[in-house]
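J.:
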Amino acid sequence: MTVTYFKRYRMEVRLDQIQLDGEPRLAEGYELLPWSPKLLHQHAEVKWQSFRQELDSHVFPCLGMMDGCKQLMREISGRRNFVAEATWLACRKSEFSSGPQACGTVQGLMSSAREGAIQNLGVHPDCRDLGLGSALLFKALQGFREVGCRYANLEVTVQNTAAIRLYERFGFRNVETLFKVADVQYV
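Just so we're aligned, residue 2 is where the sequence shown starts under our numbering, counting upward by one.
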């Protein structure tokens, strides 16, 4: 094991300064489902599929394990500051399976009385570049606004440039640089 420092940005946006009216546009055959405890397993599975091969699975090892993602979803959704209105599941409609196939997830927590915190926005690698990340972020920010938040924040690993570009398109700005210490096993 080697101790590694991962550079991360804490980004923030004022919710009253961005346009959040209407509904996000989705590619044909996709839908967004609001939080339900019945969807906990689907959130965990797509979280694992989204992060297991990414750098963030080294920064946060639980993201690289299915059981870790299940435990994380139980912990997030069980917290008193969990924001169901900011928690969404992106799904691909399928005529060949019994239900929709999860392909993206986002969760929300209150970080203070007037600020929401985006948690684990992830999209399955096979479904990226379809606008699902934008749609999930849009719905999470709407949910925070709905519960009275004036701000939303998130943390992102600096090497995740695609995510940073997405957040900047929504008006997020870097407000702090952080360093996360992690033990990384190199092969």
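Just so you know, even glycine gets a beta-carbon here, dropped at the ideal spot from N, CA and C.
Taking the DSSP output, what are the residues bridged to Cys63?
T.: In the sequence shown, residue 63 corresponds to position 62, counting from 1. Cys63 is not bridged to any residue.
J.: Look at the alpha carbon of Arg93 and the alpha carbon of Tyr31, and state the distance between them as a whole number of angstroms.
T.: Position 92 of the sequence shown, counting from 1, holds the residue named residue 93. Position 30 of the sequence shown, counting from 1, holds the residue named residue 31. Their Cα atoms are separated by approximately 4 Å.
J.: Grab the span of the beta strand (DSSP E) containing Gln20 for me, first residue to last.
T.: Looking up residue 20 in the sequence shown gives position 19. Run containing Gln20: none; DSSP gives neither H nor E here.
J.: By the DSSP assignment, the beta strand (DSSP E) with Thr158 in it spans what residues?
T.: As a working mapping, residue 158 is identified with position 157 in the sequence shown. The continuous beta strand (DSSP E) containing Thr158 extends over residues Tyr152 to Thr158.
J.: Whose C-beta lies closer than 6 Å to the C-beta of Thr106 among residues of the same chain, with five residues either side of it excluded?
T.: The sequence position of residue 106 within the sequence shown is 105, counting from 1. The residues His44, Val47, Lys48, Leu90 and Gly123, in chain order, have a CB closer than 6 Å to that of Thr106 in the same chain once the five nearest residues on each side in sequence are set aside.
J.: With a Cβ-Cβ cutoff of 9 Å, do Leu179 and Tyr10 count as a contact?
T.: The count along the sequence shown starts at 1 and reaches residue 179 at position 178. The count along the sequence shown starts at 1 and reaches residue 10 at position 9. Contact flag set, yes.
J.: Could you tell me the boundaries of the alpha helix (DSSP H) in which Val47 lies?
T.: Working through the sequence shown from its first residue, we reach residue 47 at position 46. Note, Val47: alpha helix (DSSP H), Leu41 to Phe52.
J.: If we count the other Cβ atoms within 10 Å of its Cβ and call it buried at 16 or more, is Ala136 buried or exposed?
T.: The residue given as residue 136 occupies position 135 in the sequence shown. Buried: at least 16 other Cβ atoms inside 10 Å.
J.: Under three-state DSSP, which class holds Lys8?
T.: Residue numbering aside, residue 8 sits at position 7 when the sequence shown is read from its first letter. Lys8 carries a strand assignment under DSSP once its states are collapsed to helix, strand and coil.
J.: Glu24: buried (16+ other C-beta within 10 angstroms of its C-beta) or exposed?
T.: Here residue 24 corresponds to residue number 23 of the sequence shown, with the count starting at 1. It counts as exposed.
J.: Helix, strand or coil: which one does DSSP assign to Asp68?
T.: Taking the first residue of the sequence shown as position 1, residue 68 is located at position 67. DSSP, read as helix, strand or coil, puts Asp68 in helix.
J.: Once DSSP output is grouped into helix, strand and coil, what is the label at Thr162?
T.: Taking the sequence shown and counting its residues from 1, one reaches residue 162 at position 161. Three-state DSSP puts Thr162 in a helix.
J.: Using a Cβ distance threshold of 8 Å, determine whether the segment 60-74 contacts the segment 166-177, with at least three qualifying pairs required.
T.: no
J.: Flag this pair as yes or no: are the beta carbons of Gly117 and Tyr152 separated by less than 9 Å?
T.: The residue labelled residue 117 in the question sits at position 116 within the sequence shown. The residue labelled residue 152 in the question sits at position 151 within the sequence shown. Contact: yes.
J.: How many angstroms separate the CA atom of Val148 from the CA atom of Phe83?
T.: Numbered from 1 along the sequence shown, position 147 holds the residue referred to as residue 148. Numbered from 1 along the sequence shown, position 82 holds the residue referred to as residue 83. If I take the Cα positions, the gap works out to 11 Å.
J.: In whole angstroms, what separates the C-alpha of Ser113 from that of Phe97?
T.: The residue labelled residue 113 in the question sits at position 112 within the sequence shown. The residue labelled residue 97 in the question sits at position 96 within the sequence shown. Distance between the alpha carbons of Ser113 and Phe97: 43 Å.
J.: Output the boundary residues of the beta strand (DSSP E) element that contains Arg93.
T.: Taking the sequence shown and counting its residues from 1, one reaches residue 93 at position 92. Unbroken beta strand (DSSP E) run through Arg93: Trp89 to Arg93.
J.: Using a Cβ-Cβ cut-off of 7 Å (strictly less than) and excluding sequence neighbours within five positions of Leu16, which residues of its own chain qualify?
T.: Along the sequence shown, read from residue 1 onward, the residue named residue 16 stands at position 15. Within the same chain, Leu16 has close Cβ partners Leu142, Phe145, Arg146, Cys150, Arg151, Tyr152 and Ala153.
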